[in-house]
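Number of protein chains: 2
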Amino acid sequence: MAYLAAPLENLIEQLCGLPGIGPKSAQRIAFFLMSLPRADAVELARAIVEVKDKVRFCSICFNVSEGEQCAICTDARRDGTVICVVEEPRDVIAIERSGRFAGKYHVLGGAISPIDGVGPEQLRFKELIDRLKEGSVTELIAATNPNAEGEATALYLAQLVRPLGIKVTRIASGLPVGGDLEYADEVTLGRAMDGRREL
Amino acid sequence: MAYLAAPLENLIEQLCGLPGIGPKSAQRIAFFLMSLPRADAVELARAIVEVKDKVRFCSICFNVSEGEQCAICTDARRDGTVICVVEEPRDVIAIERSGRFAGKYHVLGGAISPIDGVGPEQLRFKELIDRLKEGSVTELIAATNPNAEGEATALYLAQLVRPLGIKVTRIASGLPVGGDLEYADEVTLGRAMDGRREL
């Protein structure tokens, strides 16, 4: 593309490397950035570098954090007897948004996936066991994704923790609220039947 | 979102402001940027600011350019007697990619759109007329978009230039190559009929 200014080409190429951004979106975003006031572009550039420099993983739960320990781990009002085990920091965000959990978290850093070469030793199970050995935890909620890898990870977790005498629960699968029975896939509908509760 | 590190929240918010990026994409991109090596994040940040600092508009055609004049305007091999008039710099990219045009360009900076408050005086028609007065141009190709605003702009251009005795042509409308007659809308199909050529 000799007909485009080199810095613009470079920016488009780099934007193309971001997840979910194709060549057309990259071009659109690049022209948008070019049209911004310089201060706004600088602000975005600064925000990108700041995330690398100021955000790290909590030393207890491995959620994203500004300090050595995250805001949830250091919050005394949160119930330390229940730990919700998730795959990624974004899952913490999703669960926090639901407003239905007041315990603490443990971020595994992924799910067991033999085809991707991810075994339990690549995930933060060891760190979880160390936390459990402190003795105050009574329940672990396996909130990994309801897909093959997430289910395998939840099962592994249950087996791993059983000897410690800690209860392991799994978040419910079923129809999404607002969904339509008619359009539900058969596996989800089967799970919804299995997980029925008395009214 | 008190449960997320502030720099990450800030980055997500800023990414949400980009065209075509919603909250979910912004979150995904932010976590991706956090996972990058620091050097790569710095490189992207640098590219964003560099576009603001090093790219400007060509003083002749108003395409994006690194220098005072763009690579196309300064290319002596390109035909200076034909000017392709487009709305935006991205249209230059699209036409260059087709490989079917070897003349020069003029970027209007938009299309006439009374509902958006864009009249001819907001576009770069005056600068185009100045170029035409030099006398070497024999044809203008109106390559504005084939929508209401683009058509209005092309008509305005034709009326404006007629007194100067310069031929104004319009790019063809018709069926996209690889398209299906059956699925074409009636306006496009009508244009394709009107624009038929002898084989």
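Those protein sequence lines, which keep their order, are chains A and B. Just so it is clear: in the first sequence, position 28 is 28 by my numbering, and no numbers are missing. Just so it is clear: in the second sequence, position 111 is 111 by my numbering, and no numbers are missing. Note that CB positions come from ideal geometry on N, CA and C, so glycine has one too. Keep in mind the model is a prediction, meaning the values are calculated, not measured.
Local Cβ density within 10 Å of residue i, reported as buried at 16 or more and exposed below that
i	result
residue 198/A	exposed
residue 144/A	buried
residue 65/B	buried
residue 177/A	exposed
residue 183/B	exposed
residue 52/B	buried
residue 104/B	buried
residue 161/B	buried
residue 33/B	buried
residue 37/A	exposed
residue 11/A	buried
residue 203/B	Chain B is shown from 1 up to 199; residue 203/B falls before or after that span and cannot be answered.
residue 41/B	buried
residue 63/A	buried
residue 25/A	buried
residue 55/B	buried
Helix, strand or coil at residue i [DSSP, three-state]
i	result
residue 152/A	helix
residue 188/A	helix
residue 177/B	coil
residue 25/A	helix
residue 140/A	strand
residue 104/A	strand
residue 57/B	strand
residue 52/A	helix
residue 170/B	strand
Own chain residues within Cβ distance below 7 Å of residue i, not counting five before or after
i	result
residue 191/A	173, 174
residue 59/B	68, 69
residue 73/A	58, 60, 61, 104
residue 120/A	112, 156
Contact set for residue i: own chain, Cβ-Cβ below 6 Å, skip 5 residues either direction
i	result
residue 138/B	81
residue 193/A	none
residue 196/B	none
residue 171/A	143
residue 153/B	111, 112, 144
residue 29/A	15
residue 27/A	12
Sequence-distant residues of its chain with Cβ nearer than 8 Å to residue i (five each side left out)
i	result
residue 86/A	92, 95, 105, 106, 107, 108, 143, 144
residue 150/A	87, 111, 144
residue 189/B	175, 181
residue 127/A	62, 106
residue 99/A	none
Check: At which residue ranges does the segment 71-101 of chain A contain complete beta strand (DSSP E) runs of 3 or more residues, listed in the order of the chain?
Finding: 79-86
Next item on the list: Could you please tell me which residues of the segment 19-34 of chain A, in chain order, have their CB closer than 8 Å to any CB of chain B?
Entry: 19, 20, 21, 25, 27, 28, 29, 30, 31, 32, 33, 34
Check: At a Cβ cut of 7 Å, what residues of the segment 53-71 of chain A count as close to chain B, listed as they run along the chain?
Finding: 54, 55, 64, 65, 66, 71
Check: Given a limit of 8 Å on CB to CB distance, which residues of the segment 105-128 of chain A reach chain B?
Finding: none
Check: Between the segment 34-50 of chain A and chain B, which residues of the former have CB atoms less than 8 Å from a CB of the latter, in chain order?
Finding: 34, 36, 38, 41, 42, 43, 44, 45, 46, 47, 48, 49, 50
Checklist line | Chain-ordered residues of the segment 172-184 of chain B with a beta carbon less than 9 Å from chain A | finding: none
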